[in-house]
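Position 503 of the sequence shown, counted from 1, bears residue number 503 in full-length UniProt numbering, the numbering being contiguous throughout.
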Amino acid sequence: MDLLCEPYLLDPRPGSVTVVWHTTSPGTDNAVLLGPAVAAADPAAALRGAVPGVRVVRAGTTPLPRMREDSPAGPVPRPVHRQLAVVDGLPEEDTPYRVVSVRSDGEVSVSGVHALRGAPPAGSPVRLLLTSDHQLGPMVPANLELAAETAGSLDGVLFAGDMVNVVDRASDWFDHANGRAFFAALGGRASWTAAGRTFTGAPLISSAPLYPAIGNHEVIGRWSATETLDFQFNDAVPDDWDVSTYEAMFPVPASDSGGPRWWARTVGDVYVVSLFGTEIWRPERSGTYQDGPHTHGRFIFAPIGKGSPQYEFLVSALTSAEARAARYRAVMFHHPSHGLGFNSVPAFTDPVPVITEDTVRYEYPLADDYVLRDLAPVFSAYYVNLVLNGHSHVWARFRDDAGVNWLETSNVGNTWGAFHKLSGRVRAAPAGPDYVLQGDPGGLEPVVPTVAPLTGPGGAPLPFVSSDEVTVFSVLDSAAGVVRSYRYDTVAGGDVLLFDEFPL
């Protein structure tokens, strides 16, 4: 079959939406078929316009030249072609659709049947899945399948970064041997067994548009014809890194100043801003705090502080008429400056090199954290209701003095741990006031879940979820004005449990 994934939806506008899918060959004909008769229609006949009631929208084809796989001889190219069609003239209600691709030898491949529509009218209530950090994690198929069953119809998926492990590895996206590739899980094609049940994920983004943000795993370092893809992922240096695969796969939403790297959209009654807020990951000791060698520390990919293009875009977006008219405002980016995970330390700032005779070490002044110092006052000033982050593979939330809710709901596939007095874990970081070893480096107390928190060994309610057995997803319900978080124990099985709900 030529189709590498089910189609996914991007950037709905009034009466239109972008449909994307990927194929192994460019094909001789690629199209979206729309209408109530698509399920029973012969695809070849429909492409010829011979099926009454079936509309055909042709797609444009773009190769993804950086897609590769590892081999003993080094990375080898893997043919992947993006098919993209903008479907317009849509009614307000759902329209059935499927995609079809024809190879040069005449073989016809078709997707499943899904539903699409344009953007919900401005001001209308919406339901949005909040997620991040899938990275082919074990629990991801269960998480997505149960989210689909629990949440029902969705109007979008807000994804706060880290979709895969290596952005240029094709199998991470489509068909990894572990059965949990990104589009496999979000297309209902995955496979993972737990608690006596085999989970396949769910085709959420085939009917609910994906609204993404860039995480550090959507960035790759310097190109090599010989080094492994994992090596290349870690081999980024300032001004020599690449996000072109991400930009090709998710070309919209986009802004004039940042393209798909940062953007803003109205989604019903929620105004969403997505930023490129992430940094290179380095091991805690060698690379983050000491040069190991010439790593440049945990440098930030795109400036985000006051005076940067992103900062100016954020202020412009939040002061726009669209933002002011929205019932709620949400800002999404990957890095969790308020957080309990290990990636909340060191501070999100430019590394300060300290050079001695035989070593280089890096310092990260907490007072210079760009999110806490520069962005948080903007969120407060312009009435942001929700800041959505990822990166640490935990669930934790905070509420600051201005009433801004900060949420990381990234305990999806696995966890990297929560560093809190009730977990007993301590971050690996230097001693000193710039490095908070337990708790939130931003100084906020995490909020204990309001419905059914997990408990520690002594019975104390935990203000976090950090588990390789319990998976978590969150849903923003703007009609009710709340965010609800659910958990499922993949070992014990049983029911999906609502464990937290907070007002926006």
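Beta carbons are placed, not taken as given, at the ideal position from N, Cα and C, and that holds for glycine.
For glutamine 232, the three-state secondary structure derived from DSSP is helix. C-alpha of histidine 176 to C-alpha of histidine 81: approximately 18 Å in a straight line.
Here DSSP, grouped into helix, strand and coil, assigns aspartate 256 to coil. For arginine 265, DSSP records a beta bridge to Val272. Three or more Cβ pairs closer than 8 Å define a contact, and the stretch 70 to 84 meets that threshold against the stretch 48 to 62. In the displayed model, arginine 484 falls within a strand according to three-state DSSP.
In the DSSP annotation of this structure, the continuous segment of the beta strand (DSSP E) that includes tryptophan 395 starts and ends at 395 to 399. Secondary structure at threonine 359: coil, using DSSP grouped into helix, strand and coil.
According to the DSSP secondary-structure assignment, leucine 34 is paired through a beta bridge with Arg55 and Tyr97. Taken through DSSP and simplified to helix, strand or coil, glutamate 145 comes out as helix. Rounded to the nearest whole angstrom, the CA to CA distance from alanine 181 to valine 448 is 33 Å.
Here tryptophan 192 is bridged, per DSSP, to Phe199. For the pair of segments examined, the stretch 365 to 380 was found not to touch the stretch 120 to 136: the number of CB pairs separated by less than 8 Å stays below three.
Between the C-alpha atoms of tyrosine 8 and proline 309 there is a straight-line separation of about 30 Å.
In the three-state DSSP reduction, tyrosine 311 falls in the helix class (H, G or I). Counting along the chain, the unbroken alpha helix (DSSP H) around tryptophan 173 starts and ends at 170 to 173.
Contact between valine 19 and valine 87 holds: their C-beta atoms lie close to 6 Å from each other, under 8 Å. Relative to the Cα of leucine 4, the nearest Cα in the group Asn165, Ala170 and Phe301 belongs to Ala170.
DSSP places proline 43 in the uninterrupted alpha helix (DSSP H) bounded by 43 to 47. Looking at the backbone, the Cα of glycine 305 and that of aspartate 369 are separated by about 9 Å. The DSSP-derived three-state label of glutamate 445 is coil. A Cβ-Cβ distance of about 31 Å is found for the pair phenylalanine 231 and leucine 340, leaving them out of contact under the 8 Å criterion. Cβ-Cβ distances below 7 Å link threonine 266 to Ala122, Glu322 and Ala326 in the same chain, with the five nearest sequence neighbours on each side left out; the list follows chain order. Of Arg55, Thr28 and Asp29, the smallest CA-CA separation from alanine 41 is found for Arg55. In the DSSP assignment, methionine 249 falls outside any beta strand (DSSP E) and lies within the alpha helix (DSSP H) extending over 244 to 249.
Nearest in C-alpha terms to leucine 422, of all of Leu462, Val360 and Met332, is Leu462.
Judged by beta-carbon spacing, alanine 195 lies within the 9 Å limit of valine 491, meaning their Cβ atoms are closer than that value. Membership of arginine 324 in the alpha helix (DSSP H) is indicated by the continuous run 321 to 325.
Contact between the stretch 393 to 408 and the stretch 310 to 320 is absent, with fewer than three C-beta pairs closer than 8 Å. Straight-line spacing of the CA atoms in threonine 228 and glycine 297 works out to 22 Å. Positions of the beta strand (DSSP E) runs, each at least 3 residues long and wholly inside the stretch 384 to 428, are given as 386 to 389, 395 to 399 and 405 to 409 in order along the chain.
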